[in-house]
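S.K.: Have a look at this one before I ask anything.
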Amino acid sequence: MKYIGLDVGGHTITAGAADFSQSPARLLRAETCAAPSPRTAENLVETAAALVLRLAENGEECFVGMGLPGFVAKDRKTAARLTNYENCDGLALGAMVERRLASLGLRAEAAIENDANCAALGEGMAGAAAGMEDYVVLTLGTGIGAGIVSGGRLVRGAHGMAAECGHMALCGAELTGCGCGGAGHLEEAASADWLERRAKAAGLPADFKKLWQMRAAPEASAMLSPALETLARGIVSVAVALDPEAVILSGGMSRAEGIAEELAERAQKYLPAPFRPYFRLKTSKLGGDAAVIGAASLYKSAA
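Remember, my numbering sits 8 above the position in the sequence shown when you count from 1.
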């Protein structure tokens, strides 16, 4: 049996074959491609199947775990809502991938999970949360997501949709652009996608990396500073609600030089005094590999 994990992003999709025969887990091989265009369910299934075929050897039976950007039902087969992909709501994407692979001659079992939950699983097995029983992974990228591990177990909630921290209503109801259908969400005020759209409208580079590099410039600072302040409040809200050993930042934004330190500094004024000695804000050790390893590890709970 080969264990394959996919991290489905808004811009790219990465698949990797994972080895769980030793500790820590590791990726043996990985493949990355651009997200399909248009981003529809059919194109997503086709792209996922093509990546799996590249990693499968000699037609060996596979387990395929997919980390998806959005709300996933508790059965881990059905997408409740994917904010970056069209026409996926209510679809049994796991079964669709199984059928497509079967049509290509590959026997596989598939499961789906929220991508941030997968990142949390991966960080716990082989990354910044190794050895921890209580931690939160906050993914900062096209959107904002989170995965919560409490008492050594992933928190999924009554409907499989726990830890949607990017949709915490920390902002005013005038922010109505969130793809989930709600308003005033953290993701609308502090995600890379939101910042890049604002930057483009202001005549600034529509690229978070470039925007961060020019953060000392007044026009960039005026855009970044409120976003970082809102994000710091979101991090503190998670910390005081869950009392984790650490909050771990993952995703493209988290790799910006100095951003973790700045967020930690901004967070201090919002933290209750008893929390301050224990507050730890860390960055991912695995980067994008965390979600791939975590997705592949879904076989453990599918068995």
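All C-beta atoms, glycine included, are put in the ideal place defined by N, C-alpha and C.
Please read all numbers here as calculations on a predicted model, not as lab measurements.
Determine the contact status of Ala-57 and Ile-12, defining contact as a CB-CB distance below 9 Å.
M.R.: The sequence position of residue 57 within the sequence shown is 49, counting from 1. The sequence position of residue 12 within the sequence shown is 4, counting from 1. It is not a contact, given that the beta carbons lie outside the stated cut-off.
S.K.: Which residue's Cα is closest to the Cα of Met-231: Arg-206, Asn-95, Leu-129, Ala-214?
M.R.: As a working mapping, residue 231 is identified with position 223 in the sequence shown. If we check each option's Cα against that of Met-231, Arg-206 comes out closest.
S.K.: Secondary structure at Gly-155, three-state DSSP: helix, strand or coil?
M.R.: Numbered from 1 along the sequence shown, position 147 holds the residue referred to as residue 155. Three-state result, Gly-155: strand.
S.K.: From the DSSP output, read off the bridge partner residues of Arg-290.
M.R.: Position 282 of the sequence shown, counted from the start, is the residue given in the question as residue 290. A small correction: the amino acid at residue 290 is Lys; Arg does not occupy that position in the sequence shown. Partner(s): Ile-256.
S.K.: Does DSSP put Cys-188 in a helix, a strand or coil?
M.R.: Taking the first residue of the sequence shown as 1, we reach residue 188 at position 180. Of the three classes helix, strand and coil, the one that applies to Cys-188 here is coil, per DSSP.
S.K.: Using 9 Å as the threshold, is the C-beta distance between Ala-275 and Ala-240 below it?
M.R.: Your numbering for residue 275 matches position 267 in the sequence shown. Your numbering for residue 240 matches position 232 in the sequence shown. Taking 9 Å as the Cβ cut-off, Ala-275 and Ala-240 qualify as a contacting pair.
S.K.: Using 8 Å for Cβ pairs, my map puts Met-133 next to Ser-292. What's the rounded Cβ distance?
M.R.: As a working note, residue 133 is residue 125 in the sequence shown. As a working note, residue 292 is residue 284 in the sequence shown. Contact doesn't hold; Cβ gap of about 13 Å is too wide.
S.K.: Got a sec? Which residues, its chain only, sit under 6 Å from Asp-297 by beta carbon, not counting five neighbours each side?
M.R.: On the sequence shown, residue 297 is found 289 positions in, with the first residue counted as 1. Within the same chain, Asp-297 has close Cβ partners Leu-35.
S.K.: Determine the DSSP secondary structure at Met-176, reduced to helix, strand or coil.
M.R.: The count along the sequence shown starts at 1 and reaches residue 176 at position 168. Met-176 falls in the coil class under three-state DSSP.
S.K.: When the Cβ atoms of the region 216 to 227 are set against those of the region 83 to 92, are three or more pairs found closer than 8 Å?
M.R.: Segments in contact, no.
S.K.: DSSP three-state call for Asp-27: helix, strand or coil?
M.R.: On the sequence shown, residue 27 is found 19 positions in, with the first residue counted as 1. It is a strand residue.
S.K.: Return the residue from the list Asn-95, Arg-115, Val-80, Thr-48 that minimises the CA-CA distance to Asn-125.
M.R.: Within the sequence shown, numbered from 1, the residue matching residue 125 stands at position 117. That would be Val-80, whose Cα lies nearest to the Cα of Asn-125.
S.K.: Assuming Arg-223 and Ala-254 form a contact by the criterion Cβ under 8 Å, report the distance between their Cβ atoms to the nearest whole angstrom.
M.R.: On the sequence shown, position 215 is the one that residue 223 refers to. On the sequence shown, position 246 is the one that residue 254 refers to. In fact, because the Cβ distance is near 25 Å, the residues do not count as touching under 8 Å.
S.K.: Cα separation between Cys-173 and Ser-45?
M.R.: Against the sequence shown, residue 173 aligns to sequence position 165. Against the sequence shown, residue 45 aligns to sequence position 37. Near 27 Å, if we compare the C-alpha coordinates of Ser-45 and Cys-173.
S.K.: In the structure shown, what three-state DSSP assignment does Val-144 receive?
M.R.: Translated into the one-based positions of the sequence shown, residue 144 becomes position 136. Strand at Val-144.
S.K.: For Ala-136, report the span of its beta strand (DSSP E) as first-last.
M.R.: Residue 136 sits at position 128 when you count from the first residue of the sequence shown. It is not in any beta strand (DSSP E) - Ala-136 carries neither H nor E in the DSSP assignment.
S.K.: Count the other CB atoms, across all protein chains shown, that sit within 10 Å of the CB of Asp-251; report buried if there are 16 or more and exposed otherwise.
M.R.: Your numbering for residue 251 matches position 243 in the sequence shown. With fewer than 16 other Cβ atoms within 10 Å, it is exposed.
S.K.: Between the region 95 to 102 and the region 47 to 62, do three or more beta carbon pairs fall short of 8 Å?
M.R.: Yes: the two stretches touch, three or more of their Cβ pairs being nearer than 8 Å.
S.K.: Within 10 angstroms of its Cβ, does Thr-4 collect 16 or more other Cβ (buried), or is it exposed?
M.R.: It is not possible to answer for residue 4, since the shown part of the chain is limited to 9 through 311.
S.K.: Return the Cβ separation of Ile-120 and Met-74 in integer angstroms, given the expectation that the two are a contact with Cβ distance under 8 Å.
M.R.: The residue you call residue 120 lines up with position 112 of the sequence shown. The residue you call residue 74 lines up with position 66 of the sequence shown. Indeed they touch by this definition, with Cβ atoms about 5 Å apart.
S.K.: Quick check on the DSSP output: the beta strand (DSSP E) that includes Thr-40 runs from which residue to which?
M.R.: Within the sequence shown, residue 40 is the residue found at index 32, counting from 1. Where Thr-40 is concerned, the enclosing beta strand (DSSP E) stretches over 34 to 42.
S.K.: Using DSSP with H/G/I as helix, E/B as strand and the rest coil, what is Leu-116?
M.R.: On the sequence shown, residue 116 is found 108 positions in, with the first residue counted as 1. Here residue 116 turns out to be Ala, not Leu, going by the sequence shown. Residue state, collapsed to three classes: strand.
S.K.: Count the other CB atoms within 10 Å of the CB of Tyr-286; is the residue buried (16 or more) or exposed (fewer)?
M.R.: Numbered from 1 along the sequence shown, position 278 holds the residue referred to as residue 286. Exposed, because fewer than 16 other Cβ atoms sit within 10 Å of the Cβ of Tyr-286.
S.K.: Okay, do the region 135 to 151 and the region 253 to 268 touch, 3+ Cβ pairs below 8 Å being the bar?
M.R.: Yes, the region 135 to 151 touches the region 253 to 268.
S.K.: Compare the C-alpha of Ser-262 against each of Leu-114, Asn-66, Leu-236 and name the closest.
M.R.: Translated into positions along the sequence shown, residue 262 becomes position 254. Nearest of Leu-114, Asn-66, Leu-236 to Ser-262, Cα basis: Leu-236.
S.K.: Look at the Cβ atom of Gly-178, then the Cβ atom of Ser-245, and state whether they are nearer than 9 Å.
M.R.: For the purposes of this step, residue 178 is taken as residue 170 along the sequence shown, with counting starting at 1. For the purposes of this step, residue 245 is taken as residue 237 along the sequence shown, with counting starting at 1. One point to set straight first is that residue 178 is Leu, not Gly, in the sequence displayed. Contact flag set, yes.
S.K.: By Cβ distance below 8 Å, which residues in the same chain neighbour Pro-234 in space, the five residues on each side in sequence not counted?
M.R.: The residue labelled residue 234 in the question sits at position 226 within the sequence shown. Hits under 8 Å: Ala-197.
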